[in-house]
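Just below is one structure, and these are the notes that go with it.
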Amino acid sequence: MSLARASRLARPARRAAPPAVLAGLGAAALLVTLLAALSGAVHIPLADALRVLAAGPTQPDDTLWRNVLLDIRLPRVLFAAVAGAALAIAGAAMQALFRNPLAEPGLVGISAGGALGAVGAIVLTTGGFAVTAPAAFAGSLLATAAAYAVGRRVSGVAGLLLAGIAINTVAGSLIGLLTYMASDAQLRDLTFWSMGSLAGASWPLLAFLAPWTLLWSAWLMRQWRAMNALLLGEREAQHLGFALVTVRYKLVLATALIVGPLVAATGGIGFVGLVVPHLVRMTLGADHRWLLPASMLAGALALTLADWLARIVVIPAELPIGLVTSLVGGPFFLWLLARGRKF
Amino acid sequence: MAASLLKTALAILATACLAGAAHAAPDAPARRVVTLGGTVTEIAYALGQGHRLVGDDLSSLYPEAATKLPRVGYYRAVPVEGVLALKPDLVLASDQSGPPAALARLRETGVRVETISDQPTVQSLDDRIRQVARALGVPERGEQLAGSVDAALRDARALPDSHARAVLIMNRTGTPLGAGGGTAASLVLELAGLVNVLADQQGYKPLSAEALGALAPQVIVVPRLSLEAAGGLDKLRASPGVAATPAAARQCIVAMDDLLVLGTGPRLPQAIRTLKETDCVARQGQPTRPAG
Amino acid sequence: MSLRTTDLALSRGGARILSGVSLAIEPGRVLGLLGANGAGKSTLLAALAGELHADEGAIELNGAALSRLPLRRQARQRAVLPQKPSLSFDLGVHEVVAMGAYPFPELDPVEVDELVGAALALAGVPHLAQRRYPELSGGEQQRVQFARVLAQCQAPRDADTPRYLLLDEPISSLDPKHQIELLRTTAGLAHRQGLGVLVIVHDVNLAARWCDRLVMLGNGTVVADGTPDAVLTPANLRAVYDIDADVLPHPTLPGRLLVLPH
C-alpha cells in the first residue's frame, strides 16, 4: 500500500465537518444576540432600533430607546454571551479533567466557594454589590485552591473530586449557618443572588470580563492535545508526554479564573457548563480541538437565548437566569439520559 | 468596535445625566408613578393618588386595586428595563428595595427615584407618609393622613395594656418561624401592650416546639395564611409545641390578617386595636392604665 | 544506547515487587518478557514506561536517567501500548491515531496526516480510517491503538537516538491471524528500522517464534535472560510457570523452538 494512497484513505472522519459547525454556531450566536438586543420589556420599533444601533443617537426623541438599547440591553446581551461561552468551555474542561460527562465547574468548589463569599458579604457586611462581588471571587478561588491542595495528597483525579465534594459540603454548611444568622432583608438578597442574574451588566464590567474570559479561554484551548490524551486514560496521557500534575493544575486554574469572576458577577447559573458541552459532543465528537471553541459558541448562544426568555416571559418582571437554565436544562438533560445515548 | 461603543455609551450617559438633571425639579406633578414596597403603595392609595400609579411590586397587596397593576417583580430584585417599560416619571422606592445598582441605573436614565423610609418603627411610618405625599405633590394630604394615623394610634394605645406574654408565629414553608425584635410583627405586639417573648431574637427564626413550650406565651398571634397552612385553629392548638402553652390552655390564639400584622402601614392603629380588643388578650396578664 | 534497568528494586503498597532486575532493550531487537501472573512483568513495564520510580537501582533511556528526563522528551523516544486501553468518549479513528503525534507538536497537519495513514496501513487497518472508535470491536480498537503507538514511533524528528516500543500483552483481544500480524509487524519494524521492542506475552510459543531475546521473571527477579534456546528449558518453565513441558526444535521453522506443555 503506497503512502499516498494510505494518506488519502486516512482523510479525517467526523460526525459533521467541524468548520461548518463552528461557522453555523457562530452565525446563530450572532443572530440570537441581535434578536435579544432588539427585544425586551421596553417596546422599540424595529426600524428605530436598528437605526440607533447602527448610527448611534441622532434624534432627540430617542432618549429612552438610546438608554435602553445601548446602556441596558446591549451590555446585558453581550454579558450573557460572554458568560455562556465561559461557563461552557469551563464545563468542557472539567469533563475532560474528570473524564466524566457529569462533571462541571462546581465540582471543584468554585460555585460553593463563590456563594460562601457572597453570603458572607451579604450577612456580615453592609457594603452591597461592591463588596459582594470581590468576596465571591475570593471565595471561589480560595475554595478551589483548598480543593486542589487537599486533593493532591490522593493520587489520581479522584483526590480532586473527593476534596471538591468535601469543600462543597463545608461551604454548604457555612452558608447554612450564615443563612440562619441573616435578617429577612438579607435572606431575600441571598435568595436572589443564588438564583443568578445578569442584571449587573454594564460596559465597565464587560470591559474587564470580556478580555479576561477570552484570555483564559484561549489558554485553555491551547491545552486541547492534553485533554484529548486524557480521554485515553491517565497512564496513556503520560505515555504521550503529558505530566498529569501539570495538566490538572492548568485545567483547574483556568476554570477557576474563568468561572470565578462570573459567579461573582452573576450568582449561580447552573446547567450551562454541564449540558452545552454534551450537546456539542453529540454533534462534533470529543476532539477538543473543535469541542472547546464550539462549546464557547454554543454556550454564548444558549445563555443569550435563556436571558432573552428571562426578560420577555413575565414582562415587566424578569425571571432569574439560573431559574430559566435549570427549568429548561434540567428536563432536557433528563431527556438526553433517557435516550440512552453514549457520551 | 468596543472602543467606539464605549464612547457612545459614555456620550449617552452624559446626555442622560443632563436630561435627568432637567427632570429632577418637579415642575409638573408626576403622572406615571411606580411604587416599590407594600406599604409605600398602600400609602399612595390612602392619599387618594392610586389613579396615578402605573405599576407596583409583588409585595404590594393592599388595597385590592394595587394587585391589579402591572407588577415589576420583587422589590429587592428590581428589573431596570421592566420599570422603564412602564414609562414612569417617578419611582417611589422603599429604602429596602434594590439592588442599588438597578436604582442607580434608573436614575441615570433620567427617571426620578425617591427613596422612602421603610423601617418597622412608628417614626418611619410617619416619615414615610410625609415623604410619599411630598413626592406625589400632595403634602397637605400627607399631613392629614399622618395626623389621623397618629390620632388613631394614640387612641389605640390608650386602651388598656395587658402586658401578656405574646409571640407571633408564621408558617409559610413548613418550618414555623417566630418573630423576633426588629420586625413589624414585634412592633405590633409591643404597641398592643404585649410583651414579645422573642424580643431578644433578631428577625424571623425557626421556632422549635420545645422552645415554644419553654417560652410559655399567654397569647399566640398567627397570620391568617399561616393558620390555613397549619390546617386551622384546632389543629394548630393541638400541635405539640402550641398545646403546651398557656395560650392554648386559655384559648388565646389570635388570627390576624397577614398584611395588618406583618407590615407597618397606615392601618397599624387598626392592627393594634384589633389585638387589644380581642377578649382573651384583654383578660390576660396584669391590665394597667398606660401613661398618656 | 538502550532502554535499560540496572539492579532495579521496586515496592508497591509495602510489598517488594521487583528485586535486582537488570535488563536491556536493545535497538533493532525484540525482547520478550515472560513470567507467571504476579511475577512483576507489568510493574517492570510500568517502570520502563516512566510511571514508577525505582526504590533502588537505575532506569536509563538512551543514557539518560528516566527520573530526570521530562515526560515529553521520554515520549519522543518511547511509546507504550497499554494492555486494556479504555476510551469512553467519542473520537474518530483518525483522531486517535493522530494522538501519536502529540509529542511532536512541531509537525504540520499534512505531515501528521501522512503519519496517520502510514501507521494505519502498517497496523493493517487502513479501512477503519473513517470510523468512530467506540463503534469498533475490541480487536479493531486494539489494532487502532497499535497504529497510534506506531505513529508515535515513526514520527519524523531531528534527533537520531534509537526509539523504543513497549507492548503490554498486545494480542489478548486479537484473533490468531491478527496476533501473528501484529507480532510480525513489530519484529519487522525492529529489524528494519532499529526500533527497540519489549513485549509481554503469555503464549510461550509466540514468544519463542517472534522474540530475539527472552527474559523470564519469577517472583520479581530475573530467572533467565538470553536467546530463546538458552531460556526456554524445561527446568526454567517449571520454575517460572510450574508446568511440565517438552521443548523441541520447531518442525517447520528453522532455528525456532516449539514448547509443548504436558
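Protein chains in written order, with my numbering: chain X, 3 to 345; chain Z, 1242 to 1533; chain S, 947 to 1208.
Positions of the beta carbon are idealized from the N, C-alpha and C atoms, including for glycine.
Mind checking which residues open and close the beta strand (DSSP E) that includes I1146 (chain S)? For this step, residue 1146 (chain S) is matched to residue 200 along the third sequence. Element bounds for I1146 (chain S): G1142 to I1146.
Check whether G111 (chain X) and A266 (chain X) have beta carbons under 8 angstroms apart: Taking the first residue of the first sequence as 1, we reach residue 111 (chain X) at position 109. Taking the first residue of the first sequence as 1, we reach residue 266 (chain X) at position 264. Cβ atoms of G111 (chain X) and A266 (chain X): not closer than 8 angstroms.
Would you say I74 (chain X) faces chain Z, with C-beta separation under 8 angstroms as the test? Along the first sequence, read from residue 1 onward, the residue named residue 74 (chain X) stands at position 72. By this cut-off, I74 (chain X) is an interface position.
For D1192 (chain S), report the span of its beta strand (DSSP E) as first-last. Along the third sequence, one-based indexing puts residue 1192 (chain S) at 246. Looking at the DSSP string, the run of the beta strand (DSSP E) that includes D1192 (chain S) is A1191 to P1195.
Below-8 angstroms beta-carbon distance, G287 (chain X) vs any chain S residue: Here residue 287 (chain X) refers to the residue found at position 285 when the first sequence is read from its first residue. So, interface residue.
In the DSSP assignment, what residue or residues form a beta bridge with A1004 (chain S)? Mapped onto the third sequence, residue 1004 (chain S) falls at position 58. DSSP, once it has assigned bridges, lists S:T952 as partnering A1004 (chain S).
Between the CA atoms of V277 (chain X) and T2 (chain X) - distance to the nearest angstrom: Absent from the model: residue 2 (chain X). The displayed extent of chain X is 3 to 345, so no value can be given.
Any contact of the segment 87-104 of chain X with the segment 36-54 of chain X, i.e. 3+ C-beta pairs under 8 angstroms? no
Quick check on G166 (chain X): does DSSP put it in helix, strand or coil? Along the first sequence, read from residue 1 onward, the residue named residue 166 (chain X) stands at position 164. G166 (chain X): helix per DSSP, three-state reduction.
Alpha helix (DSSP H) runs contained entirely in the segment 63-121 of chain X, provided each spans 4 or more residues: 65-68 and 76-100
Enumerate in chain order the residues of its own chain whose CB-to-CB distance from L1577 (chain Z) is below 7 angstroms, with the five nearest sequence positions on each side excluded. Nothing about residue 1577 (chain Z) can be read from this structure; chain Z reaches only from 1242 to 1533.
Three-state class that DSSP yields for N1437 (chain Z) in the structure shown: Here residue 1437 (chain Z) corresponds to residue number 196 of the second sequence, with the count starting at 1. In this structure, N1437 (chain Z) counts as strand in the three-state DSSP scheme.
Please report the straight-line C-alpha distance between A1093 (chain S) and A1342 (chain Z), rounded to a whole angstrom. Here the question's residue 1093 (chain S) lines up with position 147 in the third sequence. Here the question's residue 1342 (chain Z) lines up with position 101 in the second sequence. Answer to the nearest angstrom: the Cα atoms are 60 angstroms apart.
Report yes or no: do three or more beta-carbon pairs, one from the segment 227-242 of chain X and one from the segment 1014-1033 of chain S, lie closer than 8 angstroms? yes
Can at least three beta-carbon pairs, one atom from the segment 1504-1514 of chain Z and one from the segment 950-965 of chain S, be found at a separation below 8 angstroms? no
Let me make sure I understand the geometry here. Which of S:V1071, S:G981 and S:P1102 has the alpha-carbon closest to that of M1213 (chain S)? Look at the range of chain S in this structure, 947 to 1208, and you will see that residue 1213 (chain S) is not part of it.
Suppose you measure from the CA of S1 (chain X) to the CA of A245 (chain X); what does that come to, to the nearest Å? Shown here, chain X extends from 3 to 345; a query on residue 1 (chain X) therefore has no answer.
Rounded separation between A1272 (chain Z) and V1319 (chain Z) - CA only: Within the second sequence, numbered from 1, the residue matching residue 1272 (chain Z) stands at position 31. Within the second sequence, numbered from 1, the residue matching residue 1319 (chain Z) stands at position 78. At residue 1272 (chain Z) the sequence reads Arg, which differs from the Ala that was named. Taking the straight line joining both Cα atoms gives about 21 angstroms.
Grab me the residues of L48 (chain X)'s own chain with a C-beta within less than 7 angstroms of its C-beta, minus the 5 sequence neighbours each way, in chain order. Counted from its first residue, the first sequence places residue 48 (chain X) at position 46. Excluding residues within five positions, the ones whose Cβ falls inside 7 angstroms are L40.
Can you find a CB in chain X that lies within less than 8 angstroms of the CB of L1325 (chain Z)? The residue given as residue 1325 (chain Z) occupies position 84 in the second sequence. True, the Cβ-Cβ gap to chain X drops below 8 angstroms.
For E1451 (chain Z) and chain X, any beta-carbon pair shorter than 8 angstroms? Indexing the second sequence from 1 puts residue 1451 (chain Z) at position 210. For E1451 (chain Z), the answer is no, since every Cβ of chain X falls outside 8 angstroms of its Cβ.
Between Z:D1367, Z:V1429 and Z:A1512, which has its C-alpha nearest G1388 (chain Z)'s C-alpha? As a first step, residue 1388 (chain Z) is located in the second sequence; it is residue number 147 there, counting from the start. Checking every option, the nearest Cα to that of G1388 (chain Z) belongs to Z:D1367.
By the three-class DSSP mapping on this structure, what secondary structure does Q1443 (chain Z) have? Residue mapping note: residue 1443 (chain Z) aligns to position 202 of the second sequence, counting from 1. Strand.
F131 (chain X) versus chain Z: which residues are under 8 angstroms apart at the beta carbon? Taking the first sequence and counting its residues from 1, one reaches residue 131 (chain X) at position 129. Within 8 angstroms Cβ-Cβ: P1340, P1341 and A1342.
Would you call the CB atoms of Q225 (chain X) and L253 (chain X) closer than 8 angstroms? Translated into positions along the first sequence, residue 225 (chain X) becomes position 223. Translated into positions along the first sequence, residue 253 (chain X) becomes position 251. For Q225 (chain X) and L253 (chain X), yes; Cβs fall inside 8 angstroms.
Identify which residue in X:A123, X:P77, X:L255 and X:M223 has its Cα closest to the Cα of W205 (chain X). The residue given as residue 205 (chain X) occupies position 203 in the first sequence. When only C-alpha atoms are compared, the closest one is X:P77.
Using a Cβ-Cβ distance under 8 angstroms, would M1045 (chain S) count as near chain X? The count along the third sequence starts at 1 and reaches residue 1045 (chain S) at position 99. M1045 (chain S) counts as touching chain X.
Could you please tell me which residues of the segment 992-1013 of chain S, in chain order, have their CB closer than 9 angstroms to any CB of chain X? A992, A995, G996 and E997
Please state if the CB of D309 (chain X) and the CB of A82 (chain X) are separated by a distance shorter than 8 angstroms. The sequence position of residue 82 (chain X) within the first sequence is 80, counting from 1. The sequence position of residue 309 (chain X) within the first sequence is 307, counting from 1. Yes; because the gap between Cβ atoms is below 8 angstroms, this pair is in contact.
Using alpha carbons as the reference points, say which of Z:V1429, Z:T1414 and Z:I1410 lies closest to A1420 (chain Z). In the second sequence, residue 1420 (chain Z) corresponds to position 179, counting from 1. Closest option to A1420 (chain Z), Cα to Cα, is Z:I1410.
In its own chain, which residues sit with a C-beta less than 7 angstroms from the C-beta of P333 (chain X), not counting the 5 before and 5 after it? Numbered from 1 along the first sequence, position 331 holds the residue referred to as residue 333 (chain X). So the list is empty, once near-sequence residues are dropped.
Can you tell me whether L217 (chain X) is buried or exposed? The criterion is at least 16 other CB atoms within 10 Å of its CB, across all chains shown. For the purposes of this step, residue 217 (chain X) is identified with residue 215 of the first sequence, where counting begins at 1. L217 (chain X) is exposed by the Cβ-count criterion.
Ends of the beta strand (DSSP E) at A970 (chain S)? Within the third sequence, numbered from 1, the residue matching residue 970 (chain S) stands at position 24. Start and end: A961 to I971.
Pull up the distance between the alpha-carbon of S1480 (chain Z) and that of T146 (chain X), whole angstroms please. Start at 1 with the first residue of the second sequence, and residue 1480 (chain Z) comes out as number 239. Start at 1 with the first residue of the first sequence, and residue 146 (chain X) comes out as number 144. Approximately 46 angstroms, taken between the alpha carbons.
Just grab the DSSP bridge partners of R1022 (chain S) for me. Along the third sequence, read from residue 1 onward, the residue named residue 1022 (chain S) stands at position 76. For R1022 (chain S), which the question treats as bridged, DSSP gives no partner whatsoever.
Tell me, please, whether the CB atom of E1355 (chain Z) is closer than 8 angstroms to any CB atom in chain X? Taking the second sequence and counting its residues from 1, the one referred to as residue 1355 (chain Z) is at position 114. By this cut-off, E1355 (chain Z) is not an interface position.
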